[in-house]
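Novice: Got a structure for you, written out below as structure tokens; questions coming shortly.
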Amino acid sequence: MRAQTNPLALGGEVPKYARGIGAAVYGTHVYGNLYDCDEEVLRDEVKLTNIVKEAAEKANATVVSLFYYKFTPTGGLSVVAIVAESHISIHTWPEHKYATVDVYTCGSHTDPLTAFEYIAEKLGAKRYSVNISDRSLYENEDAGEDPKP
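If you read the sequence shown in the numbering used here, its first letter stands for residue 195, the second for the next number, and so on.
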């Protein structure tokens, strides 16, 4: 599996703002696209819901609610977990061996990137792209200052 974009794996220092240092509200949104996935897994609601539960555990997040919707005739699925810390979702297009994944967590105790990579592995993605967005609120944002030093 190969990540096309993974700023945390580039060997450089993670910017202070991306670590939530000085954040009043700490949030990280990891999202991306998975390519050449296992078509069978993408159609299996039992496997996908279990993968989401396991990913939440890997992220140190607590599942509050979990549900899915299966599309016909393609067999694609949307699986969404509401976690105490925010949400995890997977949307699949088995006919294209493609999925999109969002892992958004709040709290410095969480690890959404590990959850994302776990999902990519379990879906058998041959390659993926990943984006990481800082969704934190910094103390100085309330004062109208530039939040990122």
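Just so it is clear, CB atoms sit at the ideal spot from N, CA and C, and this is done for glycine as well.
Tell me whether the beta-carbon of LEU271 lies closer than 8 Å to the beta-carbon of GLU234.
Specialist: No, these two residues do not count as a Cβ contact at 8 Å.
Novice: Just to confirm my understanding: we take ARG329, look at its own chain, exclude 5 residues before and 5 after, and list those with CB closer than 6 Å. What are they?
Specialist: Answer for ARG329: GLY221 and HIS223, listed in chain order.
Novice: Quick check on DSSP: helix, strand or coil for THR266?
Specialist: Coil at THR266, not helix or strand.
Novice: If you run the structure through DSSP and keep just helix, strand and coil, what is ALA253?
Specialist: Residue state, collapsed to three classes: coil.
Novice: If you reduce the DSSP assignment to three classes, tell me which class TYR312 lands in.
Specialist: TYR312 falls in the helix class under three-state DSSP.
Novice: Look up ILE326 in the DSSP assignment and give the residues it is bridged to.
Specialist: DSSP output for ILE326 lists VAL224 as bridge partner(s).
Novice: Just to check my reading of the structure: VAL277 and VAL258 have Cβ atoms closer than 8 Å, yes? What is that Cβ distance to the nearest angstrom?
Specialist: With 8 Å as the limit, VAL277 and VAL258 qualify as a contact, their Cβ atoms being about 6 Å apart.
Novice: So, is PHE310 buried or exposed, given that buried needs 16 or more other C-beta atoms within 10 angstroms?
Specialist: So PHE310 counts as buried.
Novice: Taking a contact to mean a Cβ-Cβ separation below 8 Å, would you say ILE313 touches VAL324 in this structure?
Specialist: Not closer than 8 Å, so no.
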